[in-house]
Amino acid sequence: MSSYLTIKNLTVRLKNGAPILRAVSLDVAAGQVHGLVGESGAGKSMIGKAVLGTLPRALQVTSGEIWLDGVDLLSLPASERRRRIGATAALIPQDPLTALNPSKRIGPQITRRLVDILGWRKQDAEARALDLLGEVHIPDPARVMRSYPHELSGGMRQRILIASAFAAEPKLIIADEPTTALDVTVQKQILRLIGEMQARHNTALLFVTHDLGVVSKVCDTLSVLYAGKVVEEARMQRFFMRPIHPYSAALLAATPTYTNPDSSLTPVPQTVTDAVEREVREHDLRAGA
Amino acid sequence: MRDARGDVKRPIGLRLWLSGGWLTLLVLSAVFAPLIAPKDPLMQDLFLGRMPPFWMEGSEPGYFLGTDSLGRDVLSRMLYGARLALIVALVAGTITCVIGATLGLIAGYYRGWPDRIISRFVDIWMAFPPVLFAILLIAVLGPGLMSIIIAIVVIDWTRFARVVRAEAMSQGAMDYVASAQVAGRTRFGTMLTEILPNVLPTIVALLTLEMGIAVIVEAILSFVNLSISTDSPTWGGMISEGRTSVHQAWWVLVFPLITLFLTVLSFSQLGEGLKDRFDPVLR
Ligand SMILES: Nc1ncnc2c1ncn2[C@@H]1O[C@H](COP(=O)(O)OP(=O)(O)OP(=O)(O)O)[C@@H](O)[C@H]1O
Ligand SMILES: [Mg+2]
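From first to last, the protein sequence lines are chains A and B. Take the first sequence: its position 96, counted from the start at 1, is 96 in our numbering, and no numbers get skipped. If you want our numbering, it's the position in the second sequence, counting the first as 1, plus 289.
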């Protein structure tokens, strides 16, 4: 299986040198769903942002490679990199409330990329946007196209963002906890919708979440991240049967299942976190040496 | 109510009507002052000094709001005074806004070294006491329309810079900005097409407020005789002259004072009203 996105030894640091991502490597195969799990602050979002070139200014890539569709993005000049990312990748963001420009109607926000990057004619782009809104089960798409974001519910906005992410037929979509900002009933629908869209469009998907339960439903492969370091990369089946790293095992034990719904109360044991911390420190020493 | 595009239409509020109405009236008076002013605003007639307004005993026909101590028509002087007030408001307000908002936008959106330079500059600038600064400036430049405008710009651009910077910064942190960049927008393009429209309501409110402030500053400077040459009528000049004879002829002081007050109030109310209408979230 060819991989569409390959990250090799990606290290991201704060300007003062403190590491945020520690030699992260991972692969997302074409048309497959790769889960990225880890606790809050592990650096999941930063991986997505590094790929898309939207890291906060306080952070910078200090070493590593990001291969997207056979090209190392970090070796490209900025404008060429932006064009490439725009043409092949898209983002489904975490918070639908801040992900749409409040002063613009929905329509142009969806068609923007088609017109700007792919050079579509405006009418074609609008027709495509209408189709997509239908695809994500939005009633009366024509009216929604003319609405402002604040006139729509959170679930509606997330559907729009999904439609918008798929608009230019990207080969890679990064979904950064696309359901955490939504309420539980809507979460399920959105999750199903993303799965449905991914399968139909055969898009590679990097799915960021802290919920292994969700990963088990939508992903083919996954990486477990701790303090900016990948502790395990695995295929789904193997992972759920036989996690290799003790931290992964502890995470898995802490995930509620049908037979054991209360296991989220099981914390990751101190001995395990101590062990991973030690591993991270050793890594830093080696990296510093 | 919805129009053909499905927008919710709101009736224009009383606040917008009143403030907009007063300012429109003022603009018309200023533009057509030579046509509608009943008298020559500079013509003195010492026999007609301190005539009261038309409803009072001893008023002189044709001098609706009375005359000042030199026998000049108060109404005509106020109409001509509107010219200067509005020119200062428009020109000084716009220049202040353009300079301050541009710097604020750049600082707030680009952060990093542009922000450090601009913010430091603003801090140092604001350490000067503004009124002293203005008087000093005019003392150096000499009184005149240009000096007033420059003084206002020099004092007030920091207000725009600070407010717009804060707003641009909070907008810049939102996900839609990152999305625009993933979709291939350059940083400069993102600033103009994504950030600016969202900061615009604030800029408009600040701008109208600034116009009101400009009117006051001009009046204050006229009041202390640092404004335009004394023979072109200004509201501040009238207030200053009226003050000396307030016991014999209160109207020379009171009418320009009320006009000034209403004008400044209208500018600030217009700003608030427009902000509400421009802001898509409040709309
Ligand atoms: N602008 C920034 N300046 C400094 N540090 C930052 C900045 N943004 C993020 N970080 C740091 O980077 C680390 C990783 O953050 P990231 O947002 O990737 O976490 P995450 O795994 O996505 O967590 P969550 O599940 O809460 O979204 C955190 O420790 C955070 O403190
Ligand atoms: Mg995150």
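Note that the Cβ used here is the ideal one computed from N, Cα and C, for glycine as well.
Open item on the list: Quick check: what's the CA-CA separation for Leu303 of chain B versus Ala390 of chain B?
Closed with: Put simply, the backbone Cα of Leu303 of chain B is about 29 angstroms away from that of Ala390 of chain B.
Open item on the list: Short of 6 angstroms in beta carbon distance, which residues of its chain neighbour Ile384 of chain B, apart from the five on each side in sequence? Order them along the chain.
Closed with: For Ile384 of chain B, the CB contacts under 6 angstroms within the same chain, skipping 5 residues up- and downstream, are Val442 in chain order.
TODO: Check distances from the C-beta atoms of the region 52 to 71 of chain A to those of chain B and list, in chain order, the residues that come in under 8 angstroms.
DONE: Legend: CB atoms of the region 52 to 71 of chain A lying less than 8 angstroms from CB atoms of chain B belong to residues Leu52, Gly53, Thr54, Arg57.
Task: Reduced DSSP category for His137 of chain A - H, G, I as helix; E, B as strand; rest coil - done: Reduced to three states, the DSSP call for His137 of chain A is coil.
TODO: Check whether the Cβ of Asp95 of chain A lies closer than 7 angstroms to any heavy atom of ligand 2, and answer yes or no.
DONE: Result no, Cβ not under 7 angstroms from ligand 2.
TODO: Counting only the same chain and skipping the five closest in sequence on each side, list residues whose C-beta sits under 8 angstroms from that of Met415 of chain B.
DONE: For Met415 of chain B, where only same-chain residues beyond five positions count, the Cβ hits under 8 angstroms are Thr447.
Open item on the list: Quick check on Lys328 of chain B: does DSSP put it in helix, strand or coil?
Closed with: Here Lys328 of chain B carries a coil assignment [DSSP, helix/strand/coil].
Task: Candidates A:Asp69, A:Glu177, A:Ile106, of which the one nearest Lys48 of chain A by Cα - done: Just to set this straight, residue 48 of chain A is Gly in the shown sequence, not Lys. For the options A:Asp69, A:Glu177, A:Ile106, the alpha carbon positioned closest to that of Gly48 of chain A is the one of A:Glu177.
Open item on the list: How far does the alpha helix (DSSP H) with Trp577 of chain B in it extend, from its first residue to its last?
Closed with: Coverage of chain B is limited to positions 290 through 572, which leaves residue 577 of chain B absent and any answer about it impossible.
- [ ] Report whether the distance from the Cβ of Lys44 of chain A to the nearest heavy atom of ligand 2 is below 7 angstroms.
- [x] Yes, the Cβ of Lys44 of chain A comes within 7 angstroms of a heavy atom of ligand 2.
- [ ] Would you check if there are 3 or more beta carbon pairs closer than 8 angstroms linking the region 339 to 347 of chain B to the region 502 to 511 of chain B?
- [x] Counting C-beta pairs with one atom in each stretch, the region 339 to 347 of chain B and the region 502 to 511 of chain B have fewer than three that are closer than 8 angstroms, which means they do not touch.
- [ ] Compare the C-beta of Tyr398 of chain B against all C-beta atoms of chain A and say whether one is closer than 8 angstroms.
- [x] It does not: the Cβ of Tyr398 of chain B has no partner Cβ on chain A nearer than 8 angstroms.
Task: Start and end residues, alpha helix (DSSP H) containing Thr475 of chain B - done: No alpha helix (DSSP H) holds Thr475 of chain B; DSSP gives it neither H nor E.
- [ ] Determine the direct distance from the alpha carbon of Leu563 of chain B to that of Ser358 of chain B, and round the result to whole angstroms.
- [x] Looking at the two C-alpha atoms, the distance is approximately 41 angstroms.
Task: Contact under 8 angstroms by Cβ, Gly228 of chain A with Pro56 of chain A - done: Note that the C-beta distance between Gly228 of chain A and Pro56 of chain A is not below 8 angstroms.
Task: Contact list for the region 89 to 102 of chain A against chain B, Cβ threshold 8 angstroms - done: Correct list: Ala89, Ala90, Leu91, Pro93, Gln94, Asp95, Thr98, Ala99, Leu100, Asn101, Pro102.
- [ ] Mind the definition here: the region 461 to 481 of chain B touches the region 80 to 91 of chain A only if three or more C-beta pairs lie below 8 angstroms; say whether that holds.
- [x] Contact check between the region 461 to 481 of chain B and the region 80 to 91 of chain A: three or more CB pairs, one atom from each, fall below 8 angstroms, which counts as touching.
- [ ] Out of B:Ala538, B:Thr479, B:Ile492, B:Val535, state which residue places its alpha-carbon closest to the alpha-carbon of Ser557 of chain B.
- [x] Ranking B:Ala538, B:Thr479, B:Ile492, B:Val535 by Cα distance to Ser557 of chain B puts B:Ile492 first.
Task: CB of Met527 of chain B within 8 angstroms of CB of Arg366 of chain B, strictly - done: Met527 of chain B places its beta carbon less than 8 angstroms from that of Arg366 of chain B.
Open item on the list: Give the list of continuous alpha helix (DSSP H) stretches no shorter than 4 residues that lie fully inside the region 185 to 266 of chain A.
Closed with: Within the region 185 to 266 of chain A, the runs of alpha helix (DSSP H) at least 4 residues long that lie entirely inside it are, in chain order, 212 to 218, 236 to 241, 246 to 253.
Task: Interface flag, Gln537 of chain B vs chain A, CB-CB below 8 angstroms - done: At least 8 angstroms separates the CB of Gln537 of chain B from every CB of chain A.
- [ ] Say yes only if the C-beta of Glu39 of chain A is nearer than 7 angstroms to one or more non-hydrogen atoms of ligand 2, and no if none qualify.
- [x] Every heavy atom of ligand 2 is 7 angstroms or more from the Cβ of Glu39 of chain A, so no.
- [ ] Sort B:Ala378, B:Ile376, B:Leu331 by Cα distance to Leu364 of chain B and report the nearest one.
- [x] Shortest Cα-Cα distance from Leu364 of chain B to any of B:Ala378, B:Ile376, B:Leu331 involves B:Leu331.
Task: Cβ pair Leu26 of chain A, Leu172 of chain A closer than 8 angstroms - done: In this structure, Leu172 of chain A does not lie closer than 8 angstroms to Leu26 of chain A by Cβ.
Task: is_contact[Ile47 of chain A, chain B] using C-beta, thresh 8 angstroms - done: The C-beta of Ile47 of chain A comes no closer than 8 angstroms to any C-beta of chain B.
Open item on the list: Please identify the residue among B:Thr475, B:Thr548, B:Val453 whose C-alpha is closest to the C-alpha of Glu80 of chain A.
Closed with: Cα-wise, what sits closest to Glu80 of chain A is B:Thr475.
Task: Start-end ranges of the alpha helix (DSSP H) lying completely within the region 484 to 566 of chain B, minimum 4 residues - done: Entirely contained in the region 484 to 566 of chain B, the alpha helix (DSSP H) runs reaching 4 residues are, in chain order, 485 to 512, 524 to 533.
Task: Under 7 angstroms from the C-beta of Glu483 of chain B: neighbouring residues of chain A - done: Those are Asn101, listed as they occur along chain A.
TODO: Could you pull out every unbroken beta strand (DSSP E) segment of at least 3 residues lying fully inside the region 389 to 463 of chain B, listed in chain order?
DONE: If we require 3 residues or more, the region 389 to 463 of chain B turns out to have no beta strand (DSSP E) run fully inside it.
Open item on the list: Quick check: what's the CA-CA separation for Arg294 of chain B versus Ile117 of chain A?
Closed with: Only weak support is given to the placement of Arg294 of chain B: the predicted model assigns it a pLDDT of 47, under 50, and the value that follows is read from those uncertain coordinates. Whole-angstrom Cα-Cα distance: 28 angstroms.
TODO: Please work out which residues of its chain come closer than 8 angstroms, Cβ to Cβ, to Leu182 of chain A, disregarding the five sequence neighbours upstream and downstream, and give them in chain order.
DONE: So the qualifying residues of the chain are Pro96, Gly154, Gly155, Gln158, Ile190.
- [ ] Flag this pair as touching only if the region 134 to 151 of chain A and the region 204 to 215 of chain A have three or more C-beta atom pairs under 8 angstroms; answer yes or no.
- [x] Not touching, per the Cβ criterion.
Task: Beta carbon proximity, Arg83 of chain A to chain B, threshold 8 angstroms - done: Nearest CB-CB separation between Arg83 of chain A and chain B: below the 8 angstroms threshold.
Task: Listed by chain order, chain B residues near Gly86 of chain A by CB distance under 9 angstroms - done: Chain B residues near Gly86 of chain A: Gln470, Val471, Ala472, Gly473, Arg474.
- [ ] Would you be able to state if there are at least three C-beta pairs under 8 angstroms between the region 30 to 38 of chain A and the region 212 to 227 of chain A?
- [x] Verdict: yes, contact present.
- [ ] Can you tell me which of the three DSSP states Thr54 of chain A falls into?
- [x] Coil at Thr54 of chain A, not helix or strand.
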